[in-house]
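Participant: Quick one: the structure is below, questions incoming.
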């Protein structure tokens, strides 16, 4: 536990990626395989569900320290992190003994908590606190909280592992896509020397036992996703000649990879969650694909050109897609619903919109240029998609002779229920993450998203809450309201959304000072604010919602600017917002 705690501290104390990478690589080189496997799982996001409710931890801390609940709560609001707050308040240990391994801490002190009663949890946690120092307690709290936040991104951790083992970074990224099981055998497979094809030595063999397990893992594993940069400038300024780029619509669905391997189909989300059971009709349609195929695309709720939603409406698939995608809110109703038969989902039909092919006939195509992969995808679609019952569609290429003509077409995005355009370098491979290439001293992305301009409203701040981490002493999370009357300033202000991003540090400090001078009632982590400050709120969509008092919910709300030029009675109305649906 000491070495893992030292790693946590070392990474937390630096902002340099090179230093974080070096520290993580050093840990992986020196750690026992069991500890290394658990560390890799935890640091790359393996879910350790919350074992103990936060209110119990606060109560246990009160018992151990003799401090009143209000003081623990106030300390938490100042520190901003409950794990750190408790570690600072607890008295020094009196039963510290030999160092326990990370594996022992997790398997004997963390995992069993889930099956314990409250009394048993109290006894176990007080005993653990009495063995660990303050920093070890901080790590322990994060392990039982279900949200192990670490000062290095998942990609940094995987690159450090690649450095420690000598496996190429791109190969290691692929091996780690789709999750990692914290076992010694999984550690040995993922860190084994590379062999042609990117598999671990000893995997994918024809024998039984470990070789068969490794081969099954390889068949189930998706590729790392290529991600797009956000285009801020005009395409002409940033990207140069139009002919160097292929253009597609940016669909508003669930990004995923469709795998047809080993005689079965799997759907992996961009968040590396297996979602095959959520969309069984897409998995069934994948039976039309040849063995050894991996497609990149998007799950979309879809409707026929005449407005109906008929799963038989697209039996004749052509490169010209018929119909329109439904808003993302319709697709959300399908999430977390499972069934044994696809017919149960006819009320919310979906399609898989394919826009890239990463593997064909078992061959990895990711190093091929975009235009060649596109040609392979079009050939595949012509041969196999027509038999899918309209569940597999080919994302159409968008034609346009100039950036200006594309800009005019982009203005129709909302009418098509899309988010704008995807721009892809014609000569680029399929990268990992937000891949960049350097040209003439300038970094350029392989993929760019040229999104339609967001919606915007002017709203009044009515509540504020302190942030977390480095923002724990500032009010940075705000609730905004609009007028219920037909005109601005009429009726009452009702909350419509919360937002905590979009401002600079200097702007947050200025707003915090305003709040502290104009708050009403309490002075704790949450307070009511005099309704006089107006903000422009940008967002990507609005939908009906029974959970909100206004009856509306915004998608991806963020603060665009502080409207010092507007009074509260000039803010927008709920009716205006509803009119944007």
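Numbering (the working numbering), first residue to last: 820 to 1400.
Note that CB positions come from ideal geometry on N, CA and C, so glycine has one too.
These numbers come from a predicted model, not from an experiment.
Pick helix, strand or coil for residue 947, following the three-state DSSP scheme.
Facilitator: It is helical.
Participant: Tell me whether residue 1026 is buried or exposed, calling it buried when 16 or more other Cβ atoms sit within 10 Å of its Cβ.
Facilitator: Confidence in residue 1026 is poor, its pLDDT being 48 and thus under 50, which makes the residue's placement too unreliable to answer from.
Participant: Is the distance from the Cβ of residue 908 to the Cβ of residue 857 below 7 Å?
Facilitator: Contact: no.
Participant: If you count every other CB in all the chains shown that lies within 10 Å of the CB of residue 1001, and 16 or more means buried, which is it?
Facilitator: So residue 1001 counts as buried.
Participant: Do we get a CB-CB distance below 7 Å when we pair residue 1281 with the residues of chain D?
Facilitator: The structure shown contains no chain D; it holds only a single protein chain.
Participant: Kindly indicate which three-state DSSP category residue 1179 falls into: helix, strand or coil?
Facilitator: Three-state result, residue 1179: strand.
Participant: Compare the Cα-Cα distances from residue 1326 to each of 1350, 1273 and 1294 and report the closest residue.
Facilitator: For the residues 1350, 1273 and 1294, the minimum Cα distance to residue 1326 belongs to 1294.
Participant: Using the Cβ count rule (16 or more neighbours within 10 Å means buried), how would you classify residue 1391?
Facilitator: Label assigned to residue 1391: buried.
Participant: Are at least three pairs of beta-carbons, each pair with one atom in the stretch 939-949 and one in the stretch 834-842, less than 8 Å apart?
Facilitator: They do not touch, by the three-pair rule.
Participant: Quick one: Cα of residue 1237 to Cα of residue 1111, how far?
Facilitator: Residue 1237 and residue 1111: Cα-Cα distance of roughly 30 Å.
Participant: Can you have a look at residue 1144 and say buried or exposed, based on whether 16 or more other CB atoms are within 10 angstroms of its CB?
Facilitator: By the 10 Å Cβ count, residue 1144 comes out buried.
Participant: Identify whether residue 1096 lies in helix, strand or coil by the three-state DSSP scheme.
Facilitator: Residue 1096 falls in the helix class under three-state DSSP.
Participant: Considering residue 1345, what are the terminal residues of the beta strand (DSSP E) in which it resides?
Facilitator: Its beta strand (DSSP E) spans residues 1345-1348.
Participant: Any idea which residues DSSP pairs residue 1300 with across the strands?
Facilitator: According to DSSP, residue 1300 bridges with 1279 and 1314.
Participant: With burial defined as no fewer than 16 other Cβ atoms inside 10 Å of the residue's Cβ, what is the status of residue 1118: buried or exposed?
Facilitator: The residue in question, residue 1118, is buried, as its Cβ has 16 or more Cβ neighbours within 10 Å.
Participant: With the cut-off set at 7 Å, would you say residue 1217 and residue 1066 are in Cβ contact?
Facilitator: Yes; because the gap between Cβ atoms is below 7 Å, this pair is in contact.
Participant: Output the residue ranges of the beta strand (DSSP E) runs that lie fully inside the stretch 1041-1127 and measure 3 residues or longer, sorted by chain position.
Facilitator: The stretch 1041-1127 contains these whole beta strand (DSSP E) runs: 1064-1070, 1073-1080, 1083-1088 and 1112-1122.
Participant: Is DSSP giving residue 1294 helix, strand or coil here?
Facilitator: The answer is strand: DSSP assigns residue 1294 an E or B state.
Participant: Given a cut-off of 7 Å, decide if residue 1268 and residue 1047 are closer than it, judged by their beta-carbon atoms.
Facilitator: It is a contact, given that the beta carbons lie within the stated cut-off.
Participant: So residue 904 and residue 894 are supposed to be a Cβ contact under 8 Å. How far apart are they, rounded?
Facilitator: Yes, they are in contact, since the Cβ atoms of residue 904 and residue 894 sit about 5 Å apart, within 8 Å.
Participant: In angstroms, rounded to a whole number, what distance separates the CA positions of residue 913 and residue 950?
Facilitator: Approximately 7 Å, taken between the alpha carbons.
Participant: Taking just the CA atoms, how far does residue 1248 sit from residue 1265?
Facilitator: Whole-angstrom Cα-Cα distance: 8 Å.
Participant: According to DSSP, is residue 1319 part of a helix, a strand, or is it coil?
Facilitator: Here residue 1319 sits in coil by DSSP.
Participant: Take residue 1185 as the anchor and find which of 989, 1049 and 1321 has the nearest alpha-carbon.
Facilitator: Considering only alpha carbons, the answer is 989.
Participant: Find out if the Cβ-Cβ distance for the pair residue 1313, residue 1300 is shorter than 7 Å.
Facilitator: In this structure, residue 1300 lies closer than 7 Å to residue 1313 by Cβ.
Participant: I need the boundaries of the alpha helix (DSSP H) containing residue 891, first residue and last residue.
Facilitator: Per DSSP, residue 891 belongs to the alpha helix (DSSP H) from 888-898.
Participant: Of all the options 1052, 1150, 1289 and 1227, which has the alpha carbon lying nearest to the alpha carbon of residue 1167?
Facilitator: Closest option to residue 1167, Cα to Cα, is 1150.
Participant: I'd like the list of long-range same chain contacts for residue 1261, defined as Cβ closer than 7 Å, with 5 residues on each side in sequence excluded.
Facilitator: Low per-residue confidence applies at residue 1261: pLDDT is 49, beneath 50, and the placement is therefore not dependable, though the value from the model is reported in the following sentence. Taken in chain order, the list of residues that qualify is empty.
Participant: Could you name the residues of the same chain whose beta carbon sits closer than 7 Å to that of residue 1394, not counting the 5 residues immediately before and after it, in chain order?
Facilitator: Around residue 1394: 1305.
Participant: Considering only the alpha carbon of each residue, which of 1153, 1044 and 1104 lies closest to residue 993?
Facilitator: The option with the nearest alpha carbon to residue 993 is 1044.
Participant: Which same chain residues, not among the five before or five after residue 901, have their C-beta less than 8 Å away from its C-beta?
Facilitator: The answer, listed in chain order, is 873, 876, 877, 895, 960 and 964.
Participant: Excluding sequence positions up to five away, which residues of its chain have a Cβ less than 8 Å from the Cβ of residue 1170?
Facilitator: Cβ neighbours of residue 1170 beyond the five flanking positions: 1101, 1118, 1119, 1121, 1133, 1209, 1210, 1211 and 1212.
Participant: Can you give the beta carbon distance from residue 847 to residue 971, rounded, assuming they're within the 8 Å contact cut?
Facilitator: Actually they do not touch by this definition, with Cβ atoms about 13 Å apart.
Participant: Would you mind reading off the limits of the alpha helix (DSSP H) that contains residue 1356?
Facilitator: Taken as a continuous stretch (DSSP letters only), residue 1356 belongs to no alpha helix (DSSP H), being part of the beta strand (DSSP E) at 1353-1358.
Participant: Given a cut-off of 7 Å on the beta-carbon distance, is the pair residue 1147 and residue 1272 in contact?
Facilitator: No; because the gap between Cβ atoms is not below 7 Å, this pair is not in contact.
Participant: Less than 8 Å between the CB atoms is what I'm expecting for residue 852 and residue 1003, so what's the real figure, rounded?
Facilitator: That pair is a contact at about 5 Å.
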